[in-house]
Each structure stands twice: as structure tokens, then as C-alpha cells.
Amino acid sequence: MRDSIRHEIVARQLDEQITARYPVGQRLRILDAGMGQGAQALRLARAGHTVTGLEADPDLLKAARDSLATEPAAIRERVRMIEGDGRETGVH
4 MRDSIRHEIV ARQLDEQITA RYPVGQRLRI LDAGMGQGAQ ALRLARAGHT VTGLEADPDL
64 LKAARDSLAT EPAAIRERVR MIEGDGRETG VH
């Protein structure tokens, strides 16, 4: 139950922050660092945003990918999931 309450609080905060800063309908490119099981990344993709999710824990990343696999193609196309902790970007 605590996790569901925490997820709801984060979801509300995201809505408030995005709505306050960007016009309704504007599509954003979002980095979800430490995305966990991907709940917020999927929520943002469903809202039309393009999301790159970064997760170091392979079990959490698998859970996120499993959740993504159940989404319609239009949502799946807006989400990229990467295993890692963000220290290695490939940019030199």
C-alpha cells in the first residue's frame, strides 16, 4: 500500500510540474533516471511524451520492460529503457 501511495504522490507532482511549466499538449523528451519498474515512465509516455528510462537494477529493468510489452505500439515507440547507472554515457 505504501508503494501505491508513493506512486500516486509522484504522479501528482509530475502532473503539477509539467502543467505549470509547459503548455498543454507540448510533447517533452524526458529522462527517468532510476526508473524502477517504469510506472512513471509509462505514465508519461501515455501522456504523449518521449521517455528514456535508466535503471541499474536488472530485476527492476526486466519488470519495467515486461510492463512496457503490454502497452500498445504507439506507447512502446515512445519509451527507451537502458540498463545502467548513468555514469557511462558514451559521450567523450
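The sequence shown runs 4 to 95 under the working numbering.
No residue lacks a Cβ here, since even glycine has one placed at the ideal position from N, Cα and C.
{"Item": "Once you ignore the five residues that flank Val13 on each side, which residues in its own chain have a CB closer than 7 Å to its CB?", "Value": "Gln43"}
{"Item": "Going straight from the alpha carbon of Pro139 to that of Glu91, what length do you get?", "Value": "Any property of residue 139 remains undetermined from this structure, which presents the chain solely from 4 to 95."}
{"Item": "Which residue marks the beginning of the alpha helix (DSSP H) containing Asp69, and which one marks its end?", "Value": "Pro61 to Ala72"}
{"Item": "Can you check which of these residues, Leu31, Gln40 and Pro26, is closest to Ser7 by C-alpha distance?", "Value": "Gln40"}
{"Item": "Does the beta-carbon of Glu3 have 16 or more other beta-carbons within 10 angstroms, so that it is buried, or is it exposed?", "Value": "This structure does not reach residue 3, given that the chain is present from 4 up to 95, and the question cannot be answered."}
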